[in-house]
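Notes follow the structure.
Protein chains: 2
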Amino acid sequence: MPKSIYETIYRDLKQKIENDVFAYQELLPSENTLIQTYHCSRNTLRRAVSRLVTDGYVQTMQGKGVRNIYQPIAQTAFTIGEIETFRESAARNGHHAVTKVLLFTEFSINERQALYTGFPAGSDIYYIQRLHYLDAMPLILNHNYFLKEAVPGLTKEIAENSIYEYLEQTLHMTIVNSKRVMTVEKMTQIDEKYLMKDVHDYNCMAVISSQTYNSDGICFEYTQSRHRPDYFRFYDNAVRKSV
Amino acid sequence: MPKSIYETIYRDLKQKIENDVFAYQELLPSENTLIQTYHCSRNTLRRAVSRLVTDGYVQTMQGKGVRNIYQPIAQTAFTIGEIETFRESAARNGHHAVTKVLLFTEFSINERQALYTGFPAGSDIYYIQRLHYLDAMPLILNHNYFLKEAVPGLTKEIAENSIYEYLEQTLHMTIVNSKRVMTVEKMTQIDEKYLMKDVHDYNCMAVISSQTYNSDGICFEYTQSRHRPDYFRFYDNAVRKSV
DNA sequence: ATGTTTTACTTGTTTAAACATGTTTCTGTA
DNA sequence: TACAGAAACATGTTTAAACAAGTAAAACAT
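Just so you know, the sequences run in chain order A and B. Going by this note's numbering, the first sequence opens with residue 66, and the numbers climb by one from there. Going by this note's numbering, the second sequence opens with residue 66, and the numbers climb by one from there.
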């Protein structure tokens, strides 16, 4: 549910762009026109448009107008972009998702793990290995580290469904921020065993390591997502600020 | 040169965060305090702070304050993030950059190339292959496609230095937007020849394909950057909007 | 017809004010 | 002391207005 005016406008414009109400390279109606359309103030409208800019949907040109530069992407496979769960992504791309828990355990972070997870040494965490299937094909192997005190009551059953659904709906935790690093790493024995049984062409994995913060500003999760390289696509839009 | 107030404030706060004036996990001064510090309006200050949020430097918490969640990244190698040139990136990371032009030619886009470049078939383009060295080590192989009519007068000499410097300073073109897709692809013979001569462990490359738009909203560049996997790192910060 | 100037229209920046909502702290009461 | 409520303070949303700066078209003079 959109809870604010600017978000309602943002969604409406976004949907109109996706549905070709405005053609590619066409100018959107001017601010003044849109203000009358949505019966809102200029600031509110501009806030909605600026989100479209960061999404890479439109480009503003001072003195000229706002140009639609949205092009639908060929959704050959699973695509990543924002913070969303595997289920959400799958549904958005029209696929069927299944998650299998390979390992569910808990331990304390040692010095070495503290370096790459970002958790202080000695922190009690849940460590979970999960395999994500898309249309019965294993695509992603996840190594999840959850700060135990921030995510109490986590079970294997929850991990088999959606952990984030549990966090948001049961624990009422809001996920706000996620720092991610993408790298390419050599395939491990575990990768090969679960993901690449019949794919022998590649010896690398696409790896996304992420630290996620909740609304209290606490880093409660470190996750390493190891993706089958031939099905990995990461979309990004960069806007050059301050020329 | 910062041309606006909010950008000046943004840079000042960013620099203060990077230099540990505010400790990690510490709250920044409140909006009212910062308004008095910078003698600006609330909107202007909030605009500066919101940029820090998208940068992943701080996190705002309604009713509580703004928390510093900046952690300096271990700069093991070359890191990517925003739209910036290879030289800029290298300088920022304290390295010496050299570019070698392998191929400089021009031709017209055919049907097949139109699909992945996004240029209409028949467009006249410059096609350039460039090898980027960092501290004498070849790291990136770039395949550049520049729309000829948008980038007139491009020469091999310019390509050996910085094409973007030419675009911005000579042609006064402003680069605004860049859509990027990251993938992992099998190594080609060209990759192996130039990048991986003495590295035989990997058979993949980290590939960034990008379409770049100028301030007229015209896509004038398609580039495929093929990175040596063991030196590839892509940083990203995702903010969950509208929970 | 051509070139210049004016005018209208576009987005960009900044301020001020009001109200909403969430968090913490203080305060008075039981 | 313990608890409820009020107050103070934090960020979030929205409106209105003014001015700046870039662009394009109309109006004008030559």
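The beta carbon of each residue, even a glycine, is placed where N, CA and C say it ideally should be.
Is it the case that the Cβ atoms of residue 193 of chain A and residue 169 of chain A are separated by a distance below 8 Å? Going by C-beta atoms, residue 193 of chain A is nearer than 8 Å to residue 169 of chain A.
Just to confirm my understanding: we take residue 211 of chain A, look at its own chain, exclude 5 residues before and 5 after, and list those with CB closer than 7 Å. What are they? Same-chain partners within the cutoff: 190, 191, 219, 285 and 286.
Starting from residue 96 of chain B, trace the alpha helix (DSSP H) in both directions and tell me its first and last residue. Per DSSP, the unbroken alpha helix (DSSP H) holding residue 96 of chain B starts and ends at 96-103.
If you compare alpha carbons, which of B/94, B/281 and B/109 is closest to residue 73 of chain B? Residue B/109 is the option with its Cα nearest to residue 73 of chain B.
Could you spell out where the alpha helix (DSSP H) holding residue 115 of chain B opens and where it closes? Here the alpha helix (DSSP H) through residue 115 of chain B covers 107-119.
Member of B/209, B/234 and B/266 whose CA lies at the smallest distance from the CA of residue 273 of chain B: If we check each option's Cα against that of residue 273 of chain B, B/209 comes out closest.
Can you tell me the Cα-Cα spacing of residue 254 of chain B and residue 277 of chain B, whole angstroms? Each residue's Cα considered, the two are about 27 Å apart.
Taking residue 249 of chain A as the query, report the chain B residues whose CB atoms sit under 7 Å from its CB, ordered along the chain. Ordered by position in chain B, the residues that pass the 7 Å Cβ test against residue 249 of chain A are 249, 269, 271, 294 and 297.
Beta carbon of residue 13 of chain A nearer than 8 Å to that of residue 268 of chain A: The first residue shown for chain A is 66 and the last is 308, placing residue 13 of chain A beyond what the model contains.
Use the C-beta contact count for residue 180 of chain B: other C-beta atoms within 10 angstroms, 16 or more gives buried, fewer gives exposed. That one is exposed.
Should residue 30 of chain A be flagged as near chain B, meaning a C-beta pair shorter than 8 Å? Chain A is shown from 66 up to 308; residue 30 of chain A falls before or after that span and cannot be answered.
Name, please, each residue of chain A whose Cβ falls closer than 7 Å to the Cβ of residue 95 of chain B. Neighbours of residue 95 of chain B on chain A: none; closest Cβ ~15 Å, over 7 Å.
Nearest to residue 261 of chain A (by Cα), restricted to the options A/291, A/123, A/302 and A/132: Closest in C-alpha terms to residue 261 of chain A, from the list A/291, A/123, A/302 and A/132, comes A/291.
Residue 244 of chain A - partner residues in DSSP beta bridges: According to DSSP, which records beta bridges pairwise, residue 244 of chain A is partnered with A/276 and B/302.
In chain order, what are the residue ranges of uninterrupted beta strand (DSSP E) at least 3 long that sit wholly in the stretch 211-271 of chain B? Uninterrupted beta strand (DSSP E) stretches at least 3 residues long and entirely within the stretch 211-271 of chain B occur at 240-251, given in chain order.
Quick check: what's the CA-CA separation for residue 123 of chain B versus residue 279 of chain A? Going from the Cα of residue 123 of chain B to the Cα of residue 279 of chain A covers about 12 Å.
Ranges of the alpha helix (DSSP H) found wholly within the stretch 161-218 of chain A, counting only runs of at least 4: You should have 176-182.
Measuring straight from C-alpha to C-alpha, what distance separates residue 97 of chain A and residue 162 of chain B? Going from the Cα of residue 97 of chain A to the Cα of residue 162 of chain B covers about 47 Å.
Boundaries (first-last residue) of the beta strand (DSSP E) holding residue 287 of chain B: Unbroken beta strand (DSSP E) run through residue 287 of chain B: 284-292.
Going along the chain, which residues of its own chain have a beta-carbon closer than 6 Å to the beta-carbon of residue 141 of chain A, five neighbours each way excluded? Its pLDDT being 43, under 50, residue 141 of chain A is placed unreliably by the model, and the measurement read from it follows with that caveat. Excluding residues within five positions, none has a Cβ falling inside 6 Å.
Cβ-based contacts, 8 Å cut-off: residues of the stretch 75-101 of chain A near chain B: Taking 8 Å as the upper bound on Cβ-Cβ separation, chain B lies near residues 90 of the stretch 75-101 of chain A.
Give a yes or no on whether the minimum CB-CB distance between residue 282 of chain B and chain A is below 8 Å. Residue-level contact check: residue 282 of chain B touches chain A, since one or more beta carbons of chain A fall below 8 Å from its beta carbon.
Helix or strand or just coil, what does DSSP make of residue 80 of chain B? Residue state, collapsed to three classes: helix.
Cutting at 6 Å between CB atoms, please list the residues of its own chain near residue 145 of chain B, excluding the five before and the five after it. For residue 145 of chain B, the predicted structure reports a pLDDT of 48, less than 50, and the residue's modelled location is therefore unreliable. The matter cannot be settled from this model.
CA nearest to the CA of residue 250 of chain A, picked from B/80, B/271 and B/128: Relative to the Cα of residue 250 of chain A, the nearest Cα in the group B/80, B/271 and B/128 belongs to B/271.
Using a cut-off of 8 Å between C-beta atoms, extract the partners of residue 121 of chain B located in chain A. What residue 121 of chain B touches in chain A: 242 and 244.
I'd like the list of long-range same chain contacts for residue 184 of chain A, defined as Cβ closer than 6 Å, with 5 residues on each side in sequence excluded. Excluding sequence neighbours, residue 184 of chain A sits near 174.
Contact list for residue 266 of chain A against chain B, beta-carbon separation under 9 Å: Residues of chain B passing the Cβ test: 251 and 268.
Residue closest to residue 266 of chain B, alpha-carbon to alpha-carbon, out of B/95, B/90, B/294 and B/205: For the residues B/95, B/90, B/294 and B/205, the minimum Cα distance to residue 266 of chain B belongs to B/294.
So with Cβ pairs under 8 Å, would you call residue 330 of chain A a contact of chain B? Since the first residue shown for chain A is 66 and the last is 308, residue 330 of chain A is missing from the structure and cannot be characterised.
Quick test of your reading: residue 165 of chain B and residue 195 of chain B, contact by CB under 8 Å. State the CB separation rounded to the nearest angstrom. Confirmed, Cβ separation roughly 7 Å.
Could you check whether the Cβ of residue 238 of chain B sits closer than 8 Å to any Cβ belonging to chain A? Taking Cβ atoms only, chain A never reaches closer than 8 Å to residue 238 of chain B, which makes this a no.
Spell out the partners DSSP gives residue 131 of chain A in its beta bridges. Bridge partners of residue 131 of chain A: A/125.
Please decide whether residue 254 of chain A counts as near chain B, where near means a Cβ-Cβ distance under 8 Å. Taking 8 Å as the threshold, the shortest C-beta distance from residue 254 of chain A to chain B does not fall below it.
Is any beta-carbon of chain A found at less than 8 Å from that of residue 202 of chain B? So no, residue 202 of chain B is outside the interface.
Please list the partners that residue 126 of chain B has in chain A, where partner means a Cβ-to-Cβ separation under 9 Å. Those are 241, 280, 281 and 282, listed as they occur along chain A.
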